[in-house]
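Numbering (this note's numbering), first residue to last: 571 to 785.
Note that CB positions come from ideal geometry on N, CA and C, so glycine has one too.
Because the structure is a prediction, the values reported are computed rather than measured.
The structure is reproduced here in structure tokens:
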């Protein structure tokens with residue numbers, strides 16, 4: 571049985587509690603350990619500690635740090651896969667996707683998801699779960715021609731839409747060129763995928779094959 575996936579634009583504003591509640595309800599009554607996968611090495615654990623504090627508001631204090639970069643420890647994979655949820659952090663989507671490809675980590679995430687695990691993708695951590703990271707070139711300098719990503723969701727994801735300079739016309743052009751749907755999401759809002767159903771939480775703009783809608 572497949573698990574569920576939750577994509578956040580950010581995880582800093584109160585509106586995110588609505589998304590938190592969705593996956594917390596799935597884990598109700600269970601001991602929860604979260605695997606934390608950073609987009610880049612966090613040697614001082616500055617960002618890891620911030621997430622530990624964030625999740626502590628729900629009584630979750632057991633987090634496993636799993637680095638795909640400088641502190642990569644493949645022997646921790648069994649521990650990671652035993653976690654009730656895996657958190658993929660924000661950051662640079664190009665750097666994150668490169669690390670995922672280098673470690674052949676996309677099949678690991680797919681196996682985890684297909685075995686019922688919960689994936690939490692925040693900003694870049696959500697983008698790398700889509701079919702490709704081309705949309706990131708709207709706000710980061712593209713550094714690769716091969717933009718293929720994990721492909722665990724069938725759409726493209728643009729976080730921080732309320733803070734982006736990307737125009738609606740750019741999104742229309744991107745969706746027409748890439749095919750499929752782009753979800754542009756404001757901070758505090760997000761997307762949940764469970765049992766094959768995609769739910770939009772908050773203000774989410776959907777652009778499909780160049781046509782604009784709203785979910």
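Next item on the list: For residue 594, collect the residues of the same chain with a Cβ closer than 7 Å to its Cβ; drop the 5 residues on either side in sequence, then sort them by chain order.
Entry: 628
Note to self: Can you confirm whether residue 708, when its beta carbon is compared against all beta carbons of chain D, has any partner nearer than 8 Å?
What the structure shows: Among the chains in the structure shown there is no chain D, since it carries only a single protein chain.
Next item on the list: Assuming residue 692 contacts residue 578 (C-beta within less than 8 Å), just tell me the rounded distance between them.
Entry: Contact between residue 692 and residue 578 holds: CB atoms are separated by about 5 Å, below the 8 Å threshold.
Next item on the list: Just tell me which of 649, 756, 722, 635 has its CA closest to the CA of residue 677.
Entry: 722
Check: With C-beta atoms as the reference, is residue 704 less than 8 Å away from residue 748?
Finding: Yes, the pair counts as a contact, with Cβ atoms nearer than the cut-off.
Next item on the list: Whole angstroms is fine: what's the gap from residue 581's alpha carbon to residue 633's?
Entry: 16 Å
Next item on the list: Express the C-alpha separation of residue 675 and residue 689 in angstroms, rounding to a whole number.
Entry: 13 Å
Notebook entry, point to check: In the structure shown, what three-state DSSP assignment does residue 731 receive?
Noted result: Correct three-state label for residue 731: helix.
Notebook entry, point to check: What distance in whole Å lies between the Cβ atoms of residue 708 and residue 654, which are believed to be in contact at a cut-off of 8 Å?
Noted result: 34 Å between Cβ atoms; not a contact.
Check: Would the beta-carbon of residue 698 fall within 8 Å of that of residue 731?
Finding: no
Next item on the list: Could you tell me the distance, in whole angstroms, from the CA atom of residue 601 to the CA atom of residue 781?
Entry: Approximately 44 Å, taken between the alpha carbons.
Next item on the list: Out of 662, 623, 613, 630, state which residue places its alpha-carbon closest to the alpha-carbon of residue 729.
Entry: 662
Next item on the list: Name the two residues that bound the continuous alpha helix (DSSP H) containing residue 635.
Entry: For residue 635, there is no enclosing alpha helix (DSSP H); the residue is found in the beta strand (DSSP E) stretching over 632 to 635.
Check: Hey, residue 759 and residue 771: beta-carbon distance below 8 Å or not?
Finding: Yes, these two residues count as a Cβ contact at 8 Å.
Notebook entry, point to check: For residue 750, which residues of its own chain have a beta-carbon under 8 Å away from its beta-carbon, when the five flanking residues on both sides are left out?
Noted result: The beta carbon of residue 750 is closer than 8 Å to those of 701, 724, 725, 726, 778, 779 in its chain, skipping five residues each way along the sequence.
Item checked: Buried versus exposed call for residue 667 [16 or more other C-beta atoms within 10 Å across all chains shown] -> Per the 10 Å Cβ criterion, buried.
Notebook entry, point to check: With 16 other CB atoms within 10 Å as the buried threshold, where does residue 686 fall?
Noted result: Residue 686 should be labelled exposed.
Note to self: By the three-class DSSP mapping on this structure, what secondary structure does residue 755 have?
What the structure shows: strand
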